[in-house]
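Number of protein chains: 2
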Amino acid sequence: MPRVATPDSRIASRKLEVILRHSARVFAEKGYEGASIRDISRASGVSLSGLYYYVESKQELLYLIQIHTFRTILAQLYRQLKGMSDPAVRLRVLVHNHLEYFLRHPMEMKVLAREDDVLAGEYRKDVAEIKRRYYGMALEIFEELRRAGQARQLNPRIAVLSLFGMMNWIHTWHRPQVDPQADALSDVMSQMFLHGVMNGHRVESQKTSRAGRSTLKVAARAAG
Amino acid sequence: MPRVATPDSRIASRKLEVILRHSARVFAEKGYEGASIRDISRASGVSLSGLYYYVESKQELLYLIQIHTFRTILAQLYRQLKGMSDPAVRLRVLVHNHLEYFLRHPMEMKVLAREDDVLAGEYRKDVAEIKRRYYGMALEIFEELRRAGQARQLNPRIAVLSLFGMMNWIHTWHRPQVDPQADALSDVMSQMFLHGVMNGHRVESQKTSRAGRSTLKVAARAAG
DNA sequence: TTGTGATTCGAACGAACGTTCGACTCAGGA
DNA sequence: TCCTGAGTCGAACGTTCGTTCGAATCACAA
Chain W
1 MPRVATPDSR IASRKLEVIL RHSARVFAEK GYEGASIRDI SRASGVSLSG LYYYVESKQE
61 LLYLIQIHTF RTILAQLYRQ LKGMSDPAVR LRVLVHNHLE YFLRHPMEMK VLAREDDVLA
121 GEYRKDVAEI KRRYYGMALE IFEELRRAGQ ARQLNPRIAV LSLFGMMNWI HTWHRPQVDP
181 QADALSDVMS QMFLHGVMNG HRVESQKTSR AGRSTLKVAA RAAG
Chain P
1 MPRVATPDSR IASRKLEVIL RHSARVFAEK GYEGASIRDI SRASGVSLSG LYYYVESKQE
61 LLYLIQIHTF RTILAQLYRQ LKGMSDPAVR LRVLVHNHLE YFLRHPMEMK VLAREDDVLA
121 GEYRKDVAEI KRRYYGMALE IFEELRRAGQ ARQLNPRIAV LSLFGMMNWI HTWHRPQVDP
181 QADALSDVMS QMFLHGVMNG HRVESQKTSR AGRSTLKVAA RAAG
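Same order as they appear, the protein sequences are chains W and P. The opening residue of the first sequence carries number 1 in my numbering; numbering runs sequentially from there. The opening residue of the second sequence carries number 1 in my numbering; numbering runs sequentially from there.
Set out below in structure tokens:
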């Protein structure tokens with residue numbers, strides 16, 4: 001069953017699934033470069049050379065983990081957005097979908113967030129493309145928010161990438177025993193993104209904002 | 001001059017400075033594990049064995065980069081916060097200080113953000129401690145914001161870590177030629193953190209918030 | 001000039017790396 | 001019974017890894 005070209009049919013093999021699951025754990029724990037094929041062999045219970053029956057190289061291991069994770073998240077997102085039209089709700093769905101998947105698959109999440117630069121060639125292009133599709137979805141939703149007259153005049157690229165930053169950084173600090181789970185967490189983060197942490201006070205005008213900035217400038221100068 | 005215990009006196013050596021600067025670049029480009037001492041030797045123009053006159057191990061290279069960066073950021077922050085009392089301004093100072101340093105030292109920033117788990121033993125403890133101090137500063141400022149009655153009832157840990165997520169994620173996407181510089185960027189991110197991206201609409205009440213959440217639940221169920 | 005400690009480096013160490021190869025087992029069809 | 005192809009693995013390949021060591025060079029005080 002393995003040895004085929006398309007990633008999806010590859011994953012059809014039960015044993016490859018097991019290998020990928022253990023690989024994700026090992027990559028998450030030691031990083032891609034820090035993890036050795038021998039570590040993965042030991043963790044998955046497959047002999048060193050046996051791994052190469054299912055996979056062409058260490059890079060392909062990482063590629064399969066990344067591409068499968070992105071595909072799944074994106075497919076779930078499309079399904080959940082169907083029928084939703086209110087931009088604010090659509091954004092909350094995106095956040096919830098992202099966090100729900102990430103907290104259910106913390107190892108894959110860590111690998112996705114950290115091993116961004118290591119893939120090369122066709123692997124890299126493939127992953128970059130699906131990632132761009134995902135980013136595009138978020139951007140679209142934010143633009144809808146703006147068109148609906150609800151979002152302020154912000155650089156959309158920065159707004160969306162900041163949102164992803166909030167979400168993806170979770171892998172560095174989230175402890176399941178201590179921190180809120182996906183439902184509560186996505187509520188908080190959606191609220192923060194949409195309305196910030198401040199209370200009833202109105203948003204500063206552009207003018208006050210400028211004044212605030214120059215305050216910083218003065219402070220910086222005073223501090224040397 | 002080198003071969004001394006305290007990191008600060010170590011950096012007093014000009015040549016060690018050069019080595020650390022090139023090390024940071026190499027670590028940023030290939031990751032800690034992916035980078036070899038030979039890469040660093042080549043980049044810094046110091047022979048392979050020559051490096052070990054200035055440094056005990058590859059780990060110490062990473063340690064010196066991280067500890068020096070944190071020390072500098074923290075010291076600058078203390079200086080700039082002196083005399084500022086308005087919590088909102090203090091927060092903006094923190095954000096500006098963070099981004100200003102990070103965009104001026106993108107390599108160190110990448111190393112700090114990515115190589116969080118690789119240090120061991122005393123190195124690890126040292127870095128963890130100063131990082132905790134930095135996090136504590138942010139937490140304090142957020143609590144001031146709350147005491148001043150300005151911040152909503154949010155889990156402070158999540159709020160602060162989300163802010164750091166926004167800021168630290170920058171290393172994955174910021175292109176100096178395309179994206180705003182530190183001043184503009186810290187304005188946008190401070191505003192986003194404080195007031196969110198939404199327009200004049202009032203923050204949803206707790207009740208509407210719950211309704212919003214259950215909307216997601218229904219959507220998730222409908223989507224299977 | 002000689003001696004000394006700081007600095008630099010070429011060459012080598014053993015260990016670990018990703019990958020390959022040929023042999024083996026085993027189930028199922030002829 | 002024999003053959004075939006999928007699945008599995010031990011052993012080894014050549015390379016690269018972090019680190020060490022002893023010798024060479026240097027600046028400078030005696």
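Virtual Cβ for every residue (Gly too), placed ideally from N, Cα, C.
Secondary structure of residue i, DSSP reduced to three states
| i | result |
| --- | --- |
| residue 113/P | helix |
| residue 148/W | coil |
| residue 84/P | coil |
| residue 17/P | helix |
| residue 23/W | helix |
| residue 178/W | coil |
| residue 171/P | helix |
| residue 105/W | coil |
| residue 49/P | helix |
| residue 203/W | For residue 203/W, the predicted model reports a pLDDT of 43, less than 50, meaning its position is unreliable; a value from the coordinates is still stated below. Residue state, collapsed to three classes: coil. |
Span of the alpha helix (DSSP H) around residue i
| i | result |
| --- | --- |
| residue 119/P | From DSSP, residue 119/P is part of no alpha helix (DSSP H); its letter is neither H nor E. |
| residue 39/P | 37 to 44 |
| residue 165/P | 156 to 168 |
| residue 32/P | No alpha helix (DSSP H) contains residue 32/P, which DSSP labels as neither H nor E. |
| residue 57/W | That residue, residue 57/W, is in no alpha helix (DSSP H); it is neither H nor E in DSSP. |
C-alpha distance - residue i paired with residue j, whole-angstrom precision
| i | j | result |
| --- | --- | --- |
| residue 144/W | residue 27/P | 40 Å |
| residue 109/P | residue 23/P | 13 Å |
| residue 157/W | residue 50/W | 45 Å |
| residue 25/P | residue 127/P | 20 Å |
| residue 19/W | residue 78/P | 49 Å |
| residue 225/W | residue 160/P | Since the displayed chain W opens at 1 and closes at 224, residue 225/W lies outside it and no answer follows. |
| residue 40/W | residue 84/W | 42 Å |
| residue 139/P | residue 176/P | 30 Å |
| residue 63/P | residue 47/W | 36 Å |
| residue 195/P | residue 90/P | 16 Å |
| residue 225/P | residue 179/P | Given that chain P is displayed from residue 1 to residue 224, the structure contains no residue 225/P and the question cannot be resolved. |
| residue 202/P | residue 71/W | Its pLDDT being 45, under 50, residue 202/P is placed unreliably by the model, and the measurement read from it follows with that caveat. Going from the Cα of residue 202/P to the Cα of residue 71/W covers about 36 Å. |
| residue 134/P | residue 55/W | 43 Å |
| residue 125/W | residue 13/W | 24 Å |
| residue 184/P | residue 15/W | 51 Å |
| residue 132/W | residue 154/P | 32 Å |
| residue 136/P | residue 82/W | 42 Å |
| residue 35/P | residue 105/W | 28 Å |
| residue 95/W | residue 80/W | 11 Å |
| residue 118/P | residue 147/W | 45 Å |
| residue 21/P | residue 60/W | 33 Å |
| residue 69/P | residue 29/P | 18 Å |
| residue 120/P | residue 152/W | 45 Å |
| residue 174/W | residue 42/P | 39 Å |
| residue 123/P | residue 97/W | 37 Å |
Check whether residue i and residue j have beta carbons under 8 Å apart
| i | j | result |
| --- | --- | --- |
| residue 33/W | residue 31/P | yes |
| residue 73/W | residue 101/W | yes |
| residue 189/W | residue 166/W | yes |
| residue 99/P | residue 44/P | no |
| residue 169/P | residue 164/W | yes |
| residue 75/W | residue 150/W | no |
| residue 181/W | residue 112/W | no |
| residue 107/W | residue 162/P | no |
| residue 172/P | residue 116/W | yes |
| residue 130/P | residue 67/P | yes |
| residue 38/W | residue 114/P | no |
Which residues DSSP lists as bridging residue i, in chain order
| i | result |
| --- | --- |
| residue 198/P | 151/W |
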